[in-house]
Amino acid sequence: MDLTQQSVAPRGGSSSPAAAGPVAPAVSGPGPADRVRIVLREPFRAETWRRMAYIVLALPVTLLCIPLALAGGPVGRIQRGLARRLLRVDTGEPARTGPLALVHAVVSSPLNLVALTVCGYFWTIVVINFGFPLRTDGDPSHSWGGPTMAGAWAVHAVGGGVTFLFLTPWVARGFTALQTRLVSGFLGADRTGLARHTWIALGIAAVCALLSVPVIHQL
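So the sequence shown is numbered by this note's numbering: it starts at 43 and just counts up by one.
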């Protein structure tokens, strides 16, 4: 073969679309209507309530895992199994976790406490506002939307009930995303960004602890 031979491009400096192959269509993200539908159906999805079940169980499980880790129990397998069943996350399974299982139980406990407290408080707001007529202190004459019960109920149901009904699932999603990163980092095979996520978890726990002081005084 003569190495001096060169291929000759078609005249005009451009190749035909057929020669270049089919052009992949541009992929666009969800539109405004799609985003609204995602937000509206989030409180009613099974995945949302699996996340809530994880938030409820994560704190007692990690507290039980602290003494279990000191005794050499299968703490890593327990925590990974909980995340796998409820969050549908496969964190991978390293050869051994060793002391990291104890560190994870200690580090994640404050975040688990905050997640349970915040989400529990938000769901309580939903219940007490939708159930305003059933409250013993639900006097409509001195409430927002009063003096009629219908007006007070409408204001509380929309302002507190509906708002937190659609807000809380996204708060839970954020908490479980961080909890998943801690499980994957300490007890799984992926330790990418473990230090950063640990500091974020501790920072969120500290900020929420400070914000809880004025809320407790109002109760």
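All residues carry an ideal CB built from backbone N, CA and C; glycine is no exception.
Being a predicted model, the structure only gives us computed values, none of them experimental.
| Item | Value |
| --- | --- |
| Determine the direct distance from the alpha carbon of isoleucine 120 to that of alanine 147, and round the result to whole angstroms. | 11 Å |
| Go through the segment 179-230 residue by residue and report every complete run of the alpha helix (DSSP H) that reaches 4 residues or more, in order. | 191-198 and 205-229 |
| On a CA-only basis, which of Val156, Leu129, Gly115 and Arg126 is nearest alanine 247? Give me that one, please. | Val156 |
| Contact between the segment 238-245 and the segment 213-227: three or more CB pairs below 8 Å? | yes |
| Identify whether valine 98 lies in helix, strand or coil by the three-state DSSP scheme. | helix |
| Alpha helix (DSSP H) containing glycine 118: first to last residue? | 117-129 |
| So leucine 158 packs on leucine 101, CB below 8 Å; how close in whole Å? | 5 Å |
| Can you name the start and end residues of the alpha helix (DSSP H) that alanine 147 belongs to? | 142-172 |
| Just reading off the alpha helix (DSSP H) that alanine 75 is part of, what are its end residues? | 74-83 |
| Could you tell me how far apart the beta carbons of valine 168 and phenylalanine 206 are, in whole angstroms, since I believe they sit closer than 8 Å? | 5 Å |
| Classify alanine 29 as helix, strand or coil using the three-state DSSP reduction. | Missing from the structure shown is residue 29; the chain here goes from 43 to 261 and no further. |
| Got a sec? Which residues, its chain only, sit under 8 Å from valine 204 by beta carbon, not counting five neighbours each side? | none |
| Tell me which residues share the same chain as serine 57 and place their Cβ nearer than 7 Å to its Cβ, disregarding the 5 neighbours each side in the sequence. | Reliability fails at serine 57, whose pLDDT of 48 lies under 50, so the model's placement of it is uncertain and the value that follows must be treated cautiously. There are no such residues. |
| Given a cut-off of 8 Å on the beta-carbon distance, is the pair valine 103 and leucine 124 in contact? | yes |
| Can you give me the C-alpha to C-alpha distance between arginine 92 and glycine 227, rounded to a whole angstrom? | 21 Å |
| Spatial neighbours of glutamine 47 within its chain, please: CB distance less than 6 Å, with the 5 preceding and 5 following residues excluded, ordered by chain position. | Low local confidence applies: a pLDDT of 48 at glutamine 47 is under 50, so the model's placement there is unreliable, with the coordinate-based value given in what follows. Once the five neighbours on either side are set aside, glutamine 47 has no close Cβ partner at all. |
| Comparing alpha-carbon positions, which option in Gly118, Leu82, Gly201 and Trp212 lies nearest phenylalanine 174? | Gly201 |
| Report, in whole angstroms, the separation of the C-beta atoms of valine 160 and cysteine 250, which I expect to be a contact under 8 Å. | 6 Å |
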